[in-house]
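See below for the structure under consideration.
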Amino acid sequence: GLKKKIVEIIKRSSNPEDPIHAKNTLEWMIKLEPQADEALKIAALGHDIERAITKRKIKRENYTNYEEFKKAHALNSAEVLGKLMETFKLKKELREEIFYLVNHHETGGNKRANLLKNADSISFFQVNLPYYFIRNNLDETKKRCIWGYHRLPANLRKIVSRFSYNDERITLLVKNLPRYLKEDT
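Going by my numbering, the first residue of the sequence shown is number 420, and it counts up by one from there.
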């Protein structure tokens, strides 16, 4: 079905963490909302699908503003998933809900979109962060971490602050996020 196809597509991503992150975001979605419905589960799995399609992938260097880049990424993923959903017999309401969720996975906006944003954010810290650090310098990684930590509610920040990493520099960075956030505001 659709979920299997999403996983297949994401496996082709040039970022090795993307397939792990997709499944991990789904796991966090279920931990945060055990009653998560099909729309939430599909959105969790496919929220970053555009990254796996080289021709469609939104590139950070084309945006001066990080928020604009993230908005474009979310919309592009929603559009890619929208096209994919057309090939499956899903009810219009379900397709529209999944599109909305994926399009708002970076910003949230309602209870359900916030759930996806939070599951995605926690998964970034659990799965993506070590890979992100390899591709970026410490300063860029720190900025990305502050951005991701800032968008989490206090109770979920506690989960992130308990993560530890093989690289001590990342562990230290994450442990210091509450302090960095205070300095940043």
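Just so you know, even glycine gets a beta-carbon here, dropped at the ideal spot from N, CA and C.
The structure presented is a predicted model; accordingly, all values stated were derived computationally and were not measured.
- Membership of residue 590 in the alpha helix (DSSP H) is indicated by the continuous run 587 to 594.
- Sixteen is the threshold: when 16 or more other Cβ atoms of the shown chains lie within 10 Å of the Cβ of residue 464, as they do, the residue is buried.
- Within the stretch 481 to 512, the complete alpha helix (DSSP H) runs of at least 4 residues fall at 485 to 505.
- In this structure residue 589 is buried. Its beta-carbon is surrounded by 16 or more other beta-carbon atoms within 10 angstroms.
- Within the same chain, Cβ atoms closer than 7 angstroms to the Cβ of residue 458 are found at 513, 516, 517 and 520, the five residues on either side in sequence being excluded.
- Across the structure, residue 432 and residue 480 are spaced so that their CA atoms are roughly 18 angstroms apart.
- Considering only 591, 446 and 560, the residue with the shortest C-alpha distance to residue 580 is 591.
- Closest in C-alpha terms to residue 440, from the list 567, 545 and 574, comes 545.
- Residue burial is scored here from C-beta neighbours: residue 538 has at least 16 other C-beta atoms within 10 angstroms and is therefore classed as buried.
- The three-state reading of DSSP puts residue 427 in helix, counting H, G and I together.
- In this structure, residue 509 and residue 448 do not form a Cβ contact; the two beta carbons are roughly 18 angstroms apart against a cut-off of 8 angstroms.
- Residue 596 and residue 543 have their C-alpha atoms spaced approximately 14 angstroms apart.
- Taking all protein chains in view, the Cβ of residue 574 is surrounded by fewer than 16 other Cβ atoms within 10 Å, so the residue is classified as exposed.
- Between residue 540 and residue 563, the C-beta spacing is not below 8 angstroms.
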